[in-house]
Amino acid sequence: MTVTPEQLAALADGELGELEAARIRREIAHDPELARQLAELEALSSMLSAHYDPILAEPVPKLLTQPIDDAAKVIDFGAVRAARKRWFDQPAARYFAGPAIAASVVIALLVGRGGEQANQIYADTQIAASLDTALSGEVAAGGTKVLLSFRDSSGQACRAWSGKTSGGIACRDKTGWRILQTGASGKSQSGDYQQASSGDAELLAAAQEMAAGPAFDRDQEQAARKAGWTAAE
Amino acid sequence: MQDDAFHSGLTALLPRLRRFASGLARNPADADDLCQATVERALVSRQQWQEGTRLDSWMYRIMRNLWIDEARSRNRRDKTFAHEDEGLSVGASGGQEAAVELSLVDRAMQHLPDEQREAVLLVLVEGYKYAEAAEIIGCPIGTLTSRLLRGREALMLRLGEAT
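Line by line, the protein sequences give chains U and B.
Just so it is clear: in the first sequence, position 182 is 182 by the numbering used here, and no numbers are missing.
Just so it is clear: in the second sequence, position 7 is 1007 by the numbering used here, and no numbers are missing.
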């Protein structure tokens, strides 16, 4: 039997199955010329490895590592945001798990029909009262439920609430609760908003964007309420 | 988590990618440029890498394709301008001077056509199986093995003569 150059190379490269490798090794054992060719193939591989492998031990230039590190950092920020979102989602999910709430009062917001500037809108007295007094998860007299509280980047205390038909986010300034965001709330017809509606989810997402830190826990809310929801020092 | 794995995987591959680049390119500066372009392309094309497939094969393929594209456009340039360049510096072309600095192995490798050189590098230096190397290049295994065989013969001839 003969051994082709391809087979000899495949043997040197470890590409042959056990049986075929054994057969070719037997051939080689009886053929000095084949043995010499195999030795040459192996010598070439060794020579190439000896030539190129030292590069593996060289330090990798910063020019190459830096772009990867930079890209990884961007991802890290994303992970931080995701973690914060989880923080928001969890208490909200708990609040919505409560029993059906019988609320008969439709909250009327003093929200204009497009003519007013957003920065001129303040919560009406009923919502303002709810935002002043209710802790997150509690349903105030008017059927307004505060979803969560947080501070925005200017240090103002802000609260997201969900009413029977609409909800919003308001931040407390010297004048009152300035409404920065409004959105649809629970189902207006069924009178049942046990589960977070898409409107509430949007409000929570908006709150997450506005928040400078995590949402208040209960102690922080009580402290903020005691302080009249004034801006942090 | 998955992104972390991607980036740390990329960083871990850099020494091997530098080795491959130094075999493909003609000089260290070209090799560095090739590595940099490969990393940039990988970061931009991150979405195209499929989770569960091998990151190393994917990276080698990017580098290899970038190099082949570069080599093609360089060949076109060389064909267009070679005569003028030679005419301006008869008997002392910069390429030949630089080649003197290169080692025996470098020179032997540079005489190989690109497709033979990449086959030799992937199998003999990077240690890929024939099937893996063929997949990186995007050719049938039979094509890979015949290029490897011819590349090897040319190298042994050249290196054998020199010793």
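For glycine and all other residues, C-beta sits at the position ideal for the given N, C-alpha and C.
It should be emphasised that the depicted structure is a prediction, and the values quoted were computed from it without experimental measurement.
Fill in: Per-residue DSSP class, three states only, for B:R1147
Residue 1147 of chain B sits at position 147 when you count from the first residue of the second sequence. If DSSP states are grouped into helix, strand and coil, B:R1147 belongs with the helices.
Worksheet item: What does a CB cutoff of less than 6 angstroms around U:A211 pick up in its chain, not counting 5 residues either side in sequence?
Response: Taking the first sequence and counting its residues from 1, the one referred to as residue 211 of chain U is at position 211. Its chain contains F150 as the residues whose beta carbon lies nearer than 6 angstroms to that of U:A211, once the 5 sequence neighbours on both sides are disregarded; these appear in chain order.
Practice prompt. Apply the 10 Å Cβ neighbour rule to U:Q66 and answer buried if 16 or more other Cβ atoms are within range, or exposed otherwise.
Written response: Translated into the one-based positions of the first sequence, residue 66 of chain U becomes position 66. Under this definition U:Q66 is an exposed residue.
Discussion item. Output needed for U:E138: all residues of its chain with C-beta closer than 8 angstroms, excluding positions within five of it in sequence on either side, in chain order.
Written reply: What you label residue 138 of chain U is simply residue 138 of the first sequence in a count that begins at 1. K145, V146.
Practice prompt. Would you kindly work out how many angstroms separate the C-alpha atoms of U:M47 and B:L1055, rounded to a whole number?
Written response: On the first sequence, position 47 is the one that residue 47 of chain U refers to. On the second sequence, position 55 is the one that residue 1055 of chain B refers to. Distance between the alpha carbons of U:M47 and B:L1055: 28 angstroms.
Discussion item. Tell me the residue span of the alpha helix (DSSP H) that contains U:L34.
Written reply: To locate residue 34 of chain U, count along the first sequence from 1; it is residue 34. Residues 32–52.
Worksheet entry | Local Cβ density within 10 Å of B:V1044, reported as buried at 16 or more and exposed below that | If you number the second sequence from 1, residue 1044 of chain B lands on position 44. Result: exposed.
Discussion item. With a threshold of 8 angstroms between beta carbons, is U:W229 in contact with chain B?
Written reply: Translated into the one-based positions of the first sequence, residue 229 of chain U becomes position 229. So, not an interface residue.
Item to complete: For the region 26–42 of chain U, enumerate the residues whose C-beta is nearer than 9 angstroms to any C-beta of chain B, in chain order.
Response: Considering only beta carbons, the part of the region 26–42 of chain U lying closer than 9 angstroms to chain B consists of E40, L41, in chain order.
Fill in: Where B:R1019 sits in the DSSP three-state scheme
For the purposes of this step, residue 1019 of chain B is taken as residue 19 along the second sequence, with counting starting at 1. Reduced to three states, the DSSP call for B:R1019 is helix.
Item to complete: Buried or exposed for U:H51, please, with buried defined as at least 16 other CB atoms from any protein chain shown within 10 angstroms of its CB.
Response: As a position in the first sequence, residue 51 of chain U is number 51, starting the count at 1. Answer is buried; the Cβ neighbour count reaches 16.
Item to complete: Round the Cβ separation of U:A231 and U:A157 to the nearest angstrom and send it over; I've been treating them as touching at under 8 angstroms.
Response: Along the first sequence, read from residue 1 onward, the residue named residue 231 of chain U stands at position 231. Along the first sequence, read from residue 1 onward, the residue named residue 157 of chain U stands at position 157. Going by Cβ atoms, the distance from U:A231 to U:A157 rounds to 7 angstroms, so yes, they are a contact pair.
Discussion item. Taking contact to mean 3 or more Cβ pairs, one atom from each stretch, closer than 8 angstroms, check whether the region 201–209 of chain U and the region 1017–1034 of chain B are in contact.
Written reply: At 8 angstroms Cβ cutoff, the stretches do not touch.
Worksheet entry | At least three beta-carbon pairs within less than 8 angstroms, the region 1058–1073 of chain B to the region 18–29 of chain U | Under the 8 angstroms Cβ criterion, the region 1058–1073 of chain B does not count as touching the region 18–29 of chain U, having fewer than three qualifying pairs.
Worksheet entry | Run of the beta strand (DSSP E) containing U:C171, from where it starts to where it stops | Sequence index remark: in the first sequence, residue 171 of chain U carries index 171 (1-based). Residues 166–172.
Practice prompt. To the nearest angstrom, report how far apart B:L1112 and U:L44 are at their CA atoms.
Written response: For the purposes of this step, residue 1112 of chain B is taken as the residue at position 112 of the second sequence. For the purposes of this step, residue 44 of chain U is taken as the residue at position 44 of the first sequence. Counting only the Cα atoms, U:L44 lies some 15 angstroms from B:L1112.
Worksheet entry | Contained beta strand (DSSP E) runs [length at least 3] in the region 113–161 of chain U, N- to C-terminal order | DSSP runs (the beta strand (DSSP E)) wholly in the region 113–161 of chain U: 145–151.
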